[in-house]
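Here's the structure, in structure tokens; my notes come after.
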Amino acid sequence: MLKKYLRIFVIALLSTACTKQPAPIDPIPTQEQVNWQQLETYAFIHFGLNTFNDMEWGYGDTPASTFNPTALDCEQWVLTLKACGMQGVIFTAKHHDGFCLWPTETTDYCIKNSPYKDGHGDVVGELCEACRKHGMSFGLYLSPWDRHQASYGTDEYVKLYHQQIQELADRYSPFFEFWFDGANGGDGWYGGACETRSIDADTYYEFEKARDVVWAHSPEAMIFGGTVPTIRWIGNEKGLGNTTQWSVVDGAWLPSEVDVSIRPGWFYHDNESPKSLEQLLNIYYQSVGRNASLLLNFPVNCEGRIPSEDSLRAVEWHQAIEKRFAHDLMKDCKVTHHDTPSEMIFTFDEPTTLSCLVLQEQIALGQRVERFTISRYRNGKWLPLETNEETTTIGYKRIIRVKPAEMEQLRIRFIKARGPVVMKKVSGYR
């Protein structure tokens, strides 16, 4: 079957001839999902009471008065993120401790009762304004679990939670993504009860209604978590995707998001430092390079700023990526194909050394490739390119690092696919 499929692919995408493309193979992404995946990297920001109490998960009993940033500057956040290539940011409007970083009408446990701007501050609003000013997409995280509220576990809390979503949507939309965290139920302060409470996360929060509130204002927003996601968690917080990564899950298009912090913790701690450049580069290769989007967290410090060492490291990381992928050594290659077996051959004008390949399918027509091989032609022989990556799925983007090797030709042989192989781009770098 692939003999016919590859011929369609080559004529349709690599020649000037106008040839009918293969029909889509379901499931396929919505345009909103395609737009989201094209962001590739965007930022998480964790900031709140935990920042000032040196904690990761607050219990819900820390006084609102401890939230007191001395030099908060949301524009500094946004400009930093833009400098390191980010096009969007998701902010923790409320973490598990229940403290709200906007002046909500739903609870006294919010920024109105903190010293920040004498109770007249609104960090969600300030960040939203900075994003609009500098052309950055804005998203929010709102923890379903609330360890502060006495009503948690009852119908009353669900109404309160939906009211919080409504407030945020009314005041700060549109959102490019809305996060429902997966941590639900357990021990908490709960208005002084100091006990453990359990809920059924699949039914308790009424996520279908919550999503509808978000989409009424932001129909383009991706939904993370809950029972109605449009994107999915990769399964770890290390920033590592899987070598075989499908966007097709149980008959639905559900692309992957990888989340990881630039520091060991999600919130700021004085005794922690940002990851090394090498660590961050490996995260990029194993997230964006494995058909996933990368959500990189920046912990804001007690001043209310992204620390300079984090900023410098993130910019260094972005510049290193830009440099590595600046010159496509395959853009002028002659491309031919053979039908038995199904393969593409790229011919260089002169012997060329590659150390990295980037492959992209035309995902608007579905994800198709299941397995492929890559090899090089040099001195009259075809030799496999050495790599520690399994060459299985491709999807939106697959980055394959290989042992640097000189070649006159590069061959990609498609071994297995769900249907006609429709590639968007193949490029090579050193």
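Sequential numbering from 27 applies to the sequence shown in our numbering. All C-beta atoms, glycine included, are put in the ideal place defined by N, C-alpha and C.
Taking buried to mean at least 16 other C-beta atoms within 10 Å of its own C-beta, is residue i buried or exposed?
i	result
valine 469	Residue 469 is absent from the structure shown; the chain starts at 27 and stops at 456.
cysteine 100	buried
glutamate 182	exposed
glutamine 317	In the sequence on display, residue 317 carries asparagine and not glutamine. Classification for asparagine 317: buried.
lysine 120	buried
asparagine 323	buried
glutamate 234	exposed
proline 245	exposed
phenylalanine 73	buried
glutamine 312	buried
glutamate 283	buried
glycine 165	buried
glutamine 57	exposed
lysine 46	exposed
methionine 27	Because the pLDDT of methionine 27 is 43, which lies under 50, any placement of that residue in the model is unreliable, and the number read from its coordinates should be weighed accordingly. With fewer than 16 Cβ atoms within 10 Å of its Cβ, methionine 27 is classed as exposed.
glycine 406	exposed
Excluding five sequence neighbours on each side, which residues of the same chain lie with their C-beta closer than 7 Å to the C-beta of residue i?
i	result
glycine 212	Thr222
glutamate 298	Arg289, Pro290 and Gly291
aspartate 87	Trp215
proline 300	Ile288, Arg289, Glu335, Asp336 and Arg339
valine 254	Phe233, Glu234 and Arg237
Roughly how many whole angstroms lie between the Cα atoms of residue i and residue j?
i	j	result
alanine 247	valine 286	21 Å
alanine 69	methionine 162	10 Å
tryptophan 171	aspartate 238	19 Å
valine 326	lysine 450	38 Å
tyrosine 403	serine 302	36 Å
lysine 357	leucine 65	23 Å
aspartate 226	valine 428	46 Å
cysteine 136	methionine 81	18 Å
glycine 277	glutamine 393	12 Å
glycine 265	threonine 67	12 Å
proline 53	arginine 258	15 Å
arginine 424	glycine 145	48 Å
histidine 122	lysine 349	40 Å
proline 446	valine 184	47 Å
isoleucine 116	valine 150	10 Å
histidine 364	glycine 330	59 Å
glutamate 415	arginine 437	17 Å
valine 361	isoleucine 371	6 Å
serine 337	alanine 156	17 Å
leucine 107	arginine 197	23 Å
glutamate 131	glutamate 412	60 Å
In its own chain, which residues sit with a C-beta less than 8 Å from the C-beta of residue i, not counting the 5 before and 5 after it?
i	result
isoleucine 347	Gly111, Leu307 and Tyr310
proline 55	Gln63, Ser273, Trp279, Pro281, Ile389 and Ala390
lysine 97	The sequence given here has alanine at residue 97, not lysine. If we look at alanine 97 and ignore the five residues flanking it on each side, its Cβ neighbours are Glu329, Gly330 and Arg331.
By Cβ distance, which residues of its chain are closer than 6 Å to residue i, with the 5 residues on each side in sequence left out?
i	result
cysteine 126	Lys120 and Cys136
Exercise. Which whole runs of the alpha helix (DSSP H) in the segment 200-264 are 4 residues long or more, in chain order?
Worked result: Residue ranges of uninterrupted alpha helix (DSSP H) with 4 or more members, entirely inside the segment 200-264 and ordered along the chain, are 227-230 and 233-243.
Problem set entry | alpha helix (DSSP H) runs contained entirely in the segment 297-355, provided each spans 4 or more residues | Those alpha helix (DSSP H) runs which fall completely within the segment 297-355 and span 4+ residues are 303-311 and 334-350.
Exercise. Quick one: complete alpha helix (DSSP H) runs, 4+ long, within the segment 141-195?
Worked result: You should have 149-159.
Problem set entry | Contained beta strand (DSSP E) runs [length at least 3] in the segment 357-414, N- to C-terminal order | Listed in chain order, they are 360-364, 369-387, 395-404 and 407-410.
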